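>
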Amino acid sequence: MILDIQSPIRSLTALFASWKVFLFSIALFSSVAPDYDTSTSLFLTRLYSSSAPSPISLSHRLTRWDALYFIHASAGGGKVYEQEWAFGHGLSGLVSFFLTPPTSSSSSSSSERAVAAGWEPLVAILVANVSHLIGVLALYHFTVVVSRNRRLALVAAALHVISPAGLFLSAPYAESTYSCLTFLGNWAFATAYSKGGVTRGAYIVGAGALFGLATVFRSNGLGSGLLFAVEALRCAAVLLGRPSLPAVGALIGPIIGGLCVAAGGAAPQLAAWVRYCSDAVDARPLRPWCAKTVPSIYGFVQEYYWNVGFLRYWTSNQIPLFVLASPVLALLIVSGLQVSQNPRWVLPLVPAAGDAQRRLFVRALAGTQAFVALLAITNYHVQIVNRLSSGYVVWYWWIAAWVLSQRGNSGDGSFGSGVVIFFVMYAGIQACLFASFLPPA
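Numbering (UniProt numbering), first residue to last: 1 to 441.
1) Is V403 helix, strand or coil by DSSP?
2) Only counting the same chain, and skipping five residues up and downstream in sequence, which positions put a Cβ closer than 8 Å to that of I9?
3) Give me the Cβ distance between Q338 and W398, rounded to the nearest whole Å; I'm assuming they're in contact under 8 Å.
4) Does C277 come out as helix, strand or coil in the three-state DSSP assignment?
5) Spatial neighbours of P268 within its chain, please: C-beta separation below 6 Å, excluding the five flanking residues on both sides.
6) Just to confirm, are L154 and L3 a CB contact at a threshold of 7 Å?
7) Taking the straight line between their C-alpha atoms, what separation do you get for R387 and N342?
8) Just how far apart, CA to CA, sit K292 and R148?
9) Could you please give the first and the last residue of the uninterrupted alpha helix (DSSP H) stretch that includes N129?
10) What residue does the alpha helix (DSSP H) around E303 start on, and which one ends it?
11) Could you check what DSSP says for Y178 in three-state terms: helix, strand or coil?
12) Around the Cβ of P439, are there at least 16 other Cβ atoms within 10 angstroms (buried) or fewer (exposed)?
13) So what does DSSP say about K79, is it helix, strand or coil?
14) Identify which residue in N317, V419, L270 has its Cα closest to the Cα of I297.
15) Determine, using beta carbons only, whether F211 and S194 come nearer to each other than 7 Å.
16) Using a threshold of 7 Å, state whether the C-beta atoms of S96 and N129 are closer than that.
17) Helix, strand or coil for F228? Go by DSSP, reduced to three states.
18) Taking the C-alpha atoms as reference points, what is the distance between V274 and V419?
19) Quick one: residues in its chain with C-beta nearer than 7 Å to the C-beta of S340, no 5 flanking neighbours on either side, listed in chain order?
20) Suppose the cutoff is 6 Å on Cβ atoms and the five residues either side in sequence are ignored; what does the same chain contact list for Q430 look like?
21) Within 10 angstroms of the Cβ of P285, are there 16 or more other Cβ atoms? Answer buried if so, exposed if not.
22) Going by the CB atoms, is the gap between F310 and T378 shorter than 7 Å?
23) Select from V161, L62, L181, V198 the residue whose C-alpha is nearest the C-alpha of P254.
24) Find out if the Cβ-Cβ distance for the pair F217, A266 is shorter than 7 Å.
25) If you count every other CB in all the chains shown that lies within 10 Å of the CB of I26, and 16 or more means buried, which is it?
26) When the distance is taken between beta carbons, is Y276 closer than 7 Å to V287?
27) Have a look at V308, A435, S335, V123 and flag the residue whose alpha-carbon is nearest the alpha-carbon of S74.
28) What is the DSSP secondary structure of V115, counted as helix, strand or coil?
29) Taking the alpha helix (DSSP H) that residue 470 falls in, what are its first and last residues?
30) Going by Cα to Cα distance, which pick from P121, W306, T177, F16 is closest to A67?
31) Assign S107 to one of two classes, buried (16 or more other C-beta atoms within 10 Å of its C-beta) or exposed (fewer than that).
32) Can you tell me whether N317 is buried or exposed, with buried defined as 16 or more other CB within 10 angstroms of its CB?
33) On the three-state DSSP scale, how would you describe T293?
34) Compute the beta-carbon to beta-carbon distance between V146 and R358, rounded to the nearest angstrom, for a pair I have assumed lies under 8 Å.
35) To which residues of the same chain is L239 closer than 7 Å at the C-beta, ignoring the five residues directly before and after it?
36) Using the beta-carbon count (16 or more within 10 Å), is N307 buried or exposed?
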C-alpha cells in the first residue's frame with residue numbers, strides 16, 4: 001500500500017476511490033453472466049411497477065441476499081412481514097427518510113411516494129459508501145487519539161478500506177453505517193479521557209448516543225455497552241475510595257451513555273410489542289414470543305425463521321462455511337485476546353505508567369471483539385463474521401502493527417503483508433460471487 005503519512009486524509013480517500021472502482025468493476029463485469037438466483041429481478045419488478053425507473057446495472061448487481069429485505073422495508077415504509085424484524089431498522093429508515101417528500105404525511109396519497117419509486121437501491125448504495133468513507137476517516141482519527149501513532153492509524157484505516165467485508169460495505173447493507181457510527185462513538189469515548197468535568201461527561205453521553213444509533217442498524221452494537229459498564233465500575237470505585245461531588249458527576253456520564261446503547265436495542269423491540277402484543281391488537285391471535293418473560297421479536301425471529309441459536313449451525317453441511325470463516329475468526333480471536341492481555345502490544349507509545357484509563361478502554365474493546373467472534377462460532381450463521389468484523393477496530397490495529405513490523409521475530413512484516421494479500425483476494429472473489437447472487441452471503 002502506498003500511503004503518505006504527510007497527507008493521510010488524501011491518501012485514504014484516494015485508496016478508497018481506487019478500491020471502490022476495483023470492486024464495482026468486478027460487480028459490473030459479472031453482469032455478462034446470468035444470475036444464479038433471479039430473486040433481485042423478480043423482487044424489483046414486483047416492488048416497482050413497470051412504469052417505475054429501472055435500476056442501473058450496478059444497483060441491480062448490489063441488491064442481493066439480505067439487501068432485498070432492507071429495500072423492501074425502505075419502499076414499504078417499514079416492516080411488513082414478521083421475519084423482516086431480524087434486520088435492523090436503521091438503513092431502511094434512513095433511506096425512507098431521504099426519499100419521503102417533506103410535506104408528506106401518513107394520509108398522503110400513494111402518488112407522492114411514487115416519485116421515489118425505484119430509487120431506494122441507489123440511495124441505499126450511496127448511504128453505504130458515504131458511511132464507509134466517513135468510517136475510514138473516523139477510524140484514523142480515533143486511532144491517533146488512542147495510540148498517538150499516525151503511522152499505525154493510517155495503516156489501520158487503510159485496512160478498513162480493503163476489509164474482507166468487500167461489497168457488503170458498498171451494497172444496501174447496514175455494515176458500513178454500523179461501522180461508521182461505532183468508530184465515531186469510539187472516537188468520542190476516547191476523546192473524553194482528555195477532557196474534564198461536564199465536557200467529559202458530554203463526550204461519553206455522545207458516544208453512548210452514537211453507539212445506540214449503531215445498535216439500531218445492527219444488534220451486535222449492544223456489545224458496546226461493555227465500555228460503559230467498565231467505565232461506570234471504574235468511576236464507582238473512585239467514588240467509593242474518595243467520595244466527592246465531581247466523582248458523582250463522573251459516574252453519571254457512563255450510566256446515561258449505557259442507557260443510550262440499551263435504548264438502541266430496546267426501541268425496535270418495544271415497537272414490535274406494541275404492534276403484535278398490546279391489548280389493542282385483538283383481531284388476530286398473539287404471536288408465541290409475546291408470552292415470553294422478555295418478549296423479544298428479534299430472538300424469536302432469528303430462531304424461528306433463520307435457525308439462529310446455540311450450536312444450531314454445527315452440522316456437517318455447514319463445515320465449508322466454518323472453513324471459509326476460519327481466517328477472520330482466528331484473526332479476531334487471537335488479536336482480541338493478545339490485546340486484552342497487553343494493550344501495549346499495539347499501542348507502544350502509550351506510557352506504561354500513565355493513561356491507565358485508555359489501556360482499560362482498549363482492553364474492553366478487545367474483549368468485546370473476541371466475545372463476538374466466539375458468538376459467531378457458537379450462535380450465528382458463521383460466515384457473516386467476514387462482514388461483521390468490519391465494525392471492530394482492535395484486529396485492524398493488531399494487523400497494522402504486523403504490517404509496520406512492530407512485532408514478530410523476523411521483523412520483516414511478512415505476516416502483515418500476507419494478511420493484506422488475503423484481504424484483497426478474498427474481497428475480490430467475494431465481489432464476483434456476491435454480484436452473481438452466489439453464496440456465501
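In this text, a Cβ means the ideal position worked out from N, Cα and C, and glycines have one as well.
The model shown is predicted, which means the values in this text are computed figures rather than measured ones.
Let's see:
1) Stepping through the sequence shown from its first residue, residue 403 is reached at position 403. Helix.
2) Here the question's residue 9 lines up with position 9 in the sequence shown. Residues of the same chain with a CB within less than 8 Å of the CB of I9, apart from the 5 flanking positions on each side, are L137, Y140 in chain order.
3) Mapped onto the sequence shown, residue 338 falls at position 338. Mapped onto the sequence shown, residue 398 falls at position 398. Right, the Cβ-Cβ distance comes to about 7 Å (below 8 Å), so this counts as a contact.
4) The residue labelled residue 277 in the question sits at position 277 within the sequence shown. Three-state DSSP puts C277 in coil, outside helix and strand.
5) The count along the sequence shown starts at 1 and reaches residue 268 at position 268. So the qualifying residues of the chain are H89.
6) Translated into the one-based positions of the sequence shown, residue 154 becomes position 154. Translated into the one-based positions of the sequence shown, residue 3 becomes position 3. Result yes, Cβ atoms of L154 and L3 sit closer than 7 Å.
7) Your numbering for residue 387 matches position 387 in the sequence shown. Your numbering for residue 342 matches position 342 in the sequence shown. If I take the Cα positions, the gap works out to 26 Å.
8) As a working note, residue 292 is residue 292 in the sequence shown. As a working note, residue 148 is residue 148 in the sequence shown. Straight across, the Cα-Cα distance linking K292 with R148 is about 48 Å.
9) In the sequence shown, the residue the question calls residue 129 occupies position 129. Start and end: 120 to 147.
10) Within the sequence shown, residue 303 is the residue found at index 303, counting from 1. Note, E303: alpha helix (DSSP H), 297 to 304.
11) Residue 178 sits at position 178 when you count from the first residue of the sequence shown. Of the three classes helix, strand and coil, the one that applies to Y178 here is helix, per DSSP.
12) Your numbering for residue 439 matches position 439 in the sequence shown. Counting C-beta atoms within 10 angstroms of its own C-beta, P439 has fewer than 16 neighbours from the protein chains shown and is therefore classed as exposed.
13) Stepping through the sequence shown from its first residue, residue 79 is reached at position 79. Coil.
14) As a working note, residue 297 is residue 297 in the sequence shown. The shortest Cα separation from I297 among N317, V419, L270 belongs to L270.
15) Taking the first residue of the sequence shown as 1, we reach residue 211 at position 211. Taking the first residue of the sequence shown as 1, we reach residue 194 at position 194. No, these two residues do not count as a Cβ contact at 7 Å.
16) As a working note, residue 96 is residue 96 in the sequence shown. As a working note, residue 129 is residue 129 in the sequence shown. Contact: no.
17) The residue given as residue 228 occupies position 228 in the sequence shown. Looking at F228 - three-state DSSP - the assignment turns out to be helix.
18) Locating residue 274 in the sequence shown gives position 274, counting from the first residue. Locating residue 419 in the sequence shown gives position 419, counting from the first residue. In this structure, the straight-line span from the alpha carbon of V274 to that of V419 is close to 47 Å.
19) The count along the sequence shown starts at 1 and reaches residue 340 at position 340. Cβ within range, chain order: R363, A366, G367, A370.
20) Counted from its first residue, the sequence shown places residue 430 at position 430. Sequence-distant Cβ neighbours of Q430 in its own chain, meaning closer than 6 Å and more than five residues away, are G166.
21) Taking the sequence shown and counting its residues from 1, the one referred to as residue 285 is at position 285. Exposed is the call here.
22) Within the sequence shown, numbered from 1, the residue matching residue 378 stands at position 378. Within the sequence shown, numbered from 1, the residue matching residue 310 stands at position 310. Yes. Within cutoff.
23) Counting from 1 along the sequence shown, the entry for residue 254 is found at position 254. For the options V161, L62, L181, V198, the alpha carbon positioned closest to that of P254 is the one of V198.
24) As a position in the sequence shown, residue 217 is number 217, starting the count at 1. As a position in the sequence shown, residue 266 is number 266, starting the count at 1. Going by C-beta atoms, F217 is not nearer than 7 Å to A266.
25) Sequence index remark: in the sequence shown, residue 26 carries index 26 (1-based). Result: buried.
26) Sequence index remark: in the sequence shown, residue 287 carries index 287 (1-based). Sequence index remark: in the sequence shown, residue 276 carries index 276 (1-based). Note that residue 287 is Arg in the sequence shown, not Val. Yes, they are a contact pair.
27) Residue mapping note: residue 74 aligns to position 74 of the sequence shown, counting from 1. Just measuring C-alpha positions, the residue of V308, A435, S335, V123 sitting nearest S74 is V123.
28) Here the question's residue 115 lines up with position 115 in the sequence shown. With a pLDDT of only 42 at V115, under 50, the local geometry of the prediction cannot be trusted, and no value is derived from it.
29) Coverage of the chain is limited to positions 1 through 441, which leaves residue 470 absent and any answer about it impossible.
30) To locate residue 67, count along the sequence shown from 1; it is residue 67. When only C-alpha atoms are compared, the closest one is P121.
31) As a position in the sequence shown, residue 107 is number 107, starting the count at 1. The predicted model places S107 with a pLDDT of 47, which falls under 50 and marks its position as unreliable, so this point remains unresolved.
32) Within the sequence shown, numbered from 1, the residue matching residue 317 stands at position 317. N317 should be labelled exposed.
33) What you label residue 293 is simply residue 293 of the sequence shown in a count that begins at 1. In the structure shown, T293 sits in coil (DSSP, three-state: anything other than H, G, I, E or B).
34) The sequence position of residue 146 within the sequence shown is 146, counting from 1. The sequence position of residue 358 within the sequence shown is 358, counting from 1. Right, their Cβ atoms sit about 6 Å apart.
35) Residue mapping note: residue 239 aligns to position 239 of the sequence shown, counting from 1. Result list for L239: A247, V248, L251, in chain order.
36) Along the sequence shown, one-based indexing puts residue 307 at 307. Residue environment: N307 is assigned as exposed (fewer than 16 neighbouring CB atoms within 10 Å of its CB, all protein chains considered).
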